[in-house]
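Before any comments, here is the structure.
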Amino acid sequence: MAGSIEARLKEKGVTLPNVAAPAANYVPYVISGNTLYISGQVPFVEGKISHTGKLGAEFGIDEGYACARICGINILAAAKAALGGDLDRIARVVKLGGFVNSTPDFTDQPKVINGASDLMAEAFGDAGKHARAAVGVAQLPLGCAVEVDAIFEIR
Numbered sequence: 001m002a003g004s005i006e007a008r009l010k011e012k013g014v015t016l017p018n019v020a021a022p023a024a025n026y027v028p029y030v031i032s033g034n035t036l037y038i039s040g041q042v043p044f045v046e047g048k049i050s051h052t053g054k055l056g057a058e059f060g061i062d063e064g065y066a067c068a069r070i071c072g073i074n075i076l077a078a079a080k081a082a083l084g085g086d087l088d089r090i091a092r093v094v095k096l097g098g099f100v101n102s103t104p105d106f107t108d109q110p111k112v113i114n115g116a117s118d119l120m121a122e123a124f125g126d127a128g129k130h131a132r133a134a135v136g137v138a139q140l141p142l143g144c145a146v147e148v149d150a151i152f153e154i155r
């Protein structure tokens with residue numbers, strides 16, 4: 001049975017996908033004490049990257065925002081897997097790290113990463129407010145437009 005976090009996501013039309021297998025020598029998550037670390041998630045939708053290219057060239061802020069939201073959904077899917085299917089074990093979203101594949105003159109990385117940040121606030125309310133980094137990078141794995149990682153406090 002889905003908990004309150006998943007019910008809130010369902011109300012927003014969000015369905016969590018299965019977790020993608022790691023593409024290299026790392027694990028999708030690590031739990032240490034009461035902290036859950038989620039590896040960087042890219043915009044995989046049904047096994048394919050949804051957005052490849054650079055913000056400021058192929059994509060604008062709105063597409064980047066949607067891409068970051070997909071990354072956030074994949075973060076929650078990984079968290080669900082890490083927590084035995086129970087997202088209600090998350091006490092707080094501590095930090096998101098956002099990486100935006102962008103042209104040198106693109107300066108709206110924070111507006112892009114809001115896609116993931118807004119999702120966390122929708123899912124967790126006040127406990128979804130978090131510290132954050134939003135940085136521009138020259139390239140990301142598989143040419144994807146955005147990557148986001150996360151740290152959660154868990155019960």
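Counting from 1, position 117 in the sequence shown corresponds to residue 117 in UniProt numbering; the numbering is continuous, with no gaps.
Just so you know, even glycine gets a beta-carbon here, dropped at the ideal spot from N, CA and C.
It should be emphasised that the depicted structure is a prediction, and the values quoted were computed from it without experimental measurement.
When Ala21, Asn34, Pro17 are compared against Val93, the one with the closest alpha-carbon
Nearest option by C-alpha distance: Asn34.
CA nearest to the CA of Asp62, picked from Ala150, Val146, Phe152, Ile151:
Val146
Find out if the Cβ-Cβ distance for the pair Ala68, Gly115 is shorter than 8 Å.
yes
Would you kindly report the start and end of the unbroken beta strand (DSSP E) that includes Ser102?
Looking at the DSSP string, Ser102 is not in any beta strand (DSSP E), and its letter there is neither H nor E.
Leaving out five residues before and five after Ile151 in sequence, what residues of the same chain have Cβ atoms less than 6 Å from its Cβ?
Tyr37, Val94, Lys95
Quick check for students: name the residue ranges of the alpha helix (DSSP H) that lie wholly in the region 1-72, counting only runs of 4 or more.
As far as the region 1-72 is concerned, its whole alpha helix (DSSP H) runs of at least 4 residues are 4-11.
Under 8 Å, Cβ to Cβ, is there at least one residue of chain D near Leu36?
No chain D is present in this structure, which holds just one protein chain.
For Ala91 and Ala134, the rounded distance between their alpha carbons
23 Å
How long is the line joining the alpha carbons of Ala138 and Pro104, rounded to whole angstroms?
8 Å
Can you tell me whether DSSP reads Leu83 as helix, strand or coil?
coil
Thinking C-beta only, is Arg8 closer than 8 Å to Glu153?
no
Can you tell me the Cα-Cα spacing of Ala79 and Phe124, whole angstroms?
Between Ala79 and Phe124, the C-alpha separation is close to 13 Å.
Less than 8 Å between the beta carbons of Asn25 and Phe44, yes or no?
no
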